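Trainee:
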């Protein structure tokens, strides 16, 4: 037994002094690194996988992800992202990209970027997005590949829209993958479900006054879902890791995306809040999309439903019922212990969830 | 005491209860430390406990009727303010013979209604043509020929490098 150990075990204040000294040095390191953070933030890039725009319509852009080798699976895979925030979260950075998982496995991968709506788009409805833009994109992909069907992976609100699209056009889909997609809005687990109740939130008056749903309003709502974590823990964690290169890179990339909000077209927002959050029409097979009514029983293709256990935006209870509402015989669920964003870009999800999902899709493509 | 003041005092009591419990939980976390931990580590543990207690209380508060009522009031005021501002600017622009956002919105809505009527009419015409094609003895051949022609047109458009939207553009306007 050496002298140091004896002192440490016998007199805790020696150990404490050492700990204070270490902490002091760490603080100095962090303080010295802080001025470099701004420079680093300027160098953050959006997207990890090379891509090209192959189709444009109004504000919509369809990206095709390039790979050095030709795709191993012929059926194209289309990522459909939400109308809130930007879609590059799905291809955030190397090692944190959902898209890269599929591209590297040999899938012919595409992504819909809906663009940023302005006041001129306030009248766009779910019908325009689903039966207009999405149908045109699927038509184009089928034409391009010479195949009658495609695979769709929908994330968050994009997942809800993908489910509606599949129910309205069941023959166009080979496989449907949903990632944290809200389907059953009857649950009161989520704060958004509570805040949007008709007695507290008059969506008609809101859209009449604002025209479109402002990006700042959405961002404030998302921040308020978990104020202690977003406004206290996050800045403290950032400071404590200011000298950790890897942490800084992940933090700055994610924060850049989180603060890169976009508005939502007014009519779509109205329909989403009124028909889904307030009336929960989708699970009752009464959801109107233009002249059509969405019947989830029309969905017969294989289903993969991926959910996050700690999701505060789309609680698990909002997605779990989906598999029971469709007619598909081949349906599978994954509930992963992560949050809404961690499910896509978390390092554990990258190692455990996405290889499993790629295997599932490879067997069916 | 009338109903509104009773209601207010109930709300204040509920609000106080949530936050008194929060501070009590935070105090418990702050003093639940082990003497074996080194001070910086201890500080981290205390901070984590306090944040956990605070997060729990905030979640409770954000679900409470008090918060929901306050949120409703705030939203109503924000919408009212926005509406008054919109009305003021519309009136000011109209007084100066200028075009207000409301006029553009009305025009956009009229265009959308017109577009919808045209698309509905086209759809019904297309359905009728399909019916007529099916009714003809050589119907399916005609249908196949039409599909081939459509595919050829699309291929030609794709070869040009850009694809034209197959539905009328809604955002290609001077706004």
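Chains as they are written, first to last, in the working numbering: chain Z, 881 to 1245; chain V, 18 to 192.
All C-beta atoms in this analysis are idealised placements derived from N, C-alpha and C, irrespective of residue type, glycine included.
Bear in mind the structure is a predicted one, so any value in this text is a computation, not a measurement.
Mind listing the chain V neighbours of residue 1071(Z)? Cutoff is C-beta to C-beta under 9 Å, in chain order.
Mentor: 76, 79 and 80, listed in chain order.
Trainee: I need the straight-line Cα distance from residue 893(Z) to residue 56(V), nearest angstrom please.
Mentor: About 10 Å.
Trainee: Which same chain residues end up closer than 6 Å to residue 926(Z) when comparing Cβ atoms and leaving out the 5 residues on each side of it in sequence?
Mentor: Here the set comprises 968.
Trainee: Check whether the Cβ of residue 58(V) lies closer than 9 Å to any Cβ atom in chain Z.
Mentor: Yes, its Cβ sits closer than 9 Å to a Cβ of chain Z.
Trainee: Near residue 192(V), what residues of its chain come up, given a Cβ to Cβ distance below 6 Å and the 5 sequence neighbours on each side ignored?
Mentor: Confidence at residue 192(V) is low in this model, with a pLDDT of 32, below 50, so the placement of that residue should be treated as unreliable; the coordinate-derived value is given next. Correct list: empty, nothing qualifies.
Trainee: Which residues does DSSP pair with residue 1168(Z) in a beta bridge?
Mentor: Answer is 1173(Z).
Trainee: Unbroken beta strand (DSSP E) runs of length 3 or more, entirely within the segment 917 to 986 of chain Z: which are they?
Mentor: Qualifying beta strand (DSSP E) stretches, in chain order: 931 to 937, 940 to 945 and 953 to 960.
Trainee: Would the segment 23 to 41 of chain V count as touching the segment 60 to 77 of chain V if we require 3 or more Cβ pairs under 8 Å?
Mentor: A contact exists between the segment 23 to 41 of chain V and the segment 60 to 77 of chain V.
Trainee: Should residue 946(Z) be listed as close to the ligand ATP, given that the test is whether its C-beta is under 8 Å from any heavy atom?
Mentor: Ligands displayed in this structure: none; no statement on the ligand ATP is therefore possible.
Trainee: Contact between the segment 1161 to 1178 of chain Z and the segment 1031 to 1039 of chain Z is defined here as three or more beta-carbon pairs at a separation below 8 Å; is this criterion met?
Mentor: The answer is no - the segment 1031 to 1039 of chain Z does not touch the segment 1161 to 1178 of chain Z, with fewer than three Cβ pairs under 8 Å.
Trainee: Report the three-state DSSP secondary structure of residue 992(Z) (helix, strand or coil).
Mentor: Of the three classes helix, strand and coil, the one that applies to residue 992(Z) here is strand, per DSSP.
Trainee: Would residue 1106(Z) pass as an interface residue toward chain V - the criterion being a Cβ-Cβ separation below 9 Å?
Mentor: Yes - at least one Cβ of chain V is within 9 Å of the one on residue 1106(Z).
Trainee: Output, in chain order, the set of chain A residues within a Cβ distance shorter than 7 Å of residue 87(V).
Mentor: Absent here is chain A; the protein component of the structure consists of chains Z and V.
Trainee: Does the segment 91 to 108 of chain V come within contact of the segment 1083 to 1091 of chain Z, defined as at least 3 CB pairs closer than 8 Å?
Mentor: Flag = yes, the segment 91 to 108 of chain V and the segment 1083 to 1091 of chain Z touch.
Trainee: Identify every residue that forms a DSSP beta bridge with residue 1093(Z).
Mentor: 1144(Z).
Trainee: What residues from chain Z crowd round residue 71(V), counting only those whose CB sits closer than 7 Å?
Mentor: Those are 1108, listed as they occur along chain Z.
Trainee: Are the CB atoms of residue 1069(Z) and residue 1205(Z) within a distance shorter than 9 Å?
Mentor: No, the pair does not count as a contact, with Cβ atoms beyond the cut-off.
Trainee: Roughly how many angstroms separate the alpha carbons of residue 1157(Z) and residue 1037(Z), rounded to a whole number?
Mentor: Rounded to the nearest angstrom, the two C-alpha atoms are 12 Å apart.
Trainee: Pull out every residue of the segment 891 to 903 of chain Z whose Cβ sits closer than 7 Å to any Cβ of chain V, in chain order.
Mentor: Taking 7 Å as the Cβ-Cβ cut-off against chain V, the residues of the segment 891 to 903 of chain Z that qualify are 895, 896, 899, 900 and 903.
Trainee: Output the boundary residues of the beta strand (DSSP E) element that contains residue 1034(Z).
Mentor: Counting along the chain, the beta strand (DSSP E) containing residue 1034(Z) begins and ends at 1030 to 1035.
Trainee: Just the chain Z side, please: which residues come within less than 7 Å of residue 124(V) by C-beta, in chain order?
Mentor: None at all; the shortest Cβ gap to chain Z is about 11 Å.
Trainee: Could you check where the alpha helix (DSSP H) with residue 121(V) kicks off and where it finishes?
Mentor: Segment 118 to 152, the alpha helix (DSSP H) holding residue 121(V).
Trainee: Please report the Cβ distance between residue 1148(Z) and residue 963(Z), rounded to the nearest whole angstrom; I am assuming they are in contact, meaning their Cβ atoms lie under 8 Å.
Mentor: Contact holds; Cβ gap of about 6 Å.
Trainee: Please state the DSSP three-state secondary structure of residue 1074(Z).
Mentor: Looking at residue 1074(Z) - three-state DSSP - the assignment turns out to be helix.
Trainee: So, for residue 1214(Z): in the same chain, excluding its five sequence neighbours on each side, which residues have a beta-carbon less than 8 Å away from its beta-carbon?
Mentor: The answer, listed in chain order, is 1184, 1185, 1186, 1187, 1233, 1236 and 1237.
Trainee: Count the other C-beta atoms from every protein chain shown that fall within 10 angstroms of the C-beta of residue 116(V), then say buried if there are 16 or more, exposed otherwise.
Mentor: It counts as exposed.
Trainee: How should residue 1017(Z) be labelled, buried or exposed, when 16 other C-beta atoms within 10 angstroms of its C-beta is the threshold for buried?
Mentor: Classification for residue 1017(Z): buried.
Trainee: Quick check on DSSP: helix, strand or coil for residue 28(V)?
Mentor: Helix.
Trainee: Using a C-beta cutoff of 9 Å, does residue 1116(Z) count as contacting chain V?
Mentor: For residue 1116(Z), the answer is yes, since a Cβ of chain V falls inside 9 Å of its Cβ.
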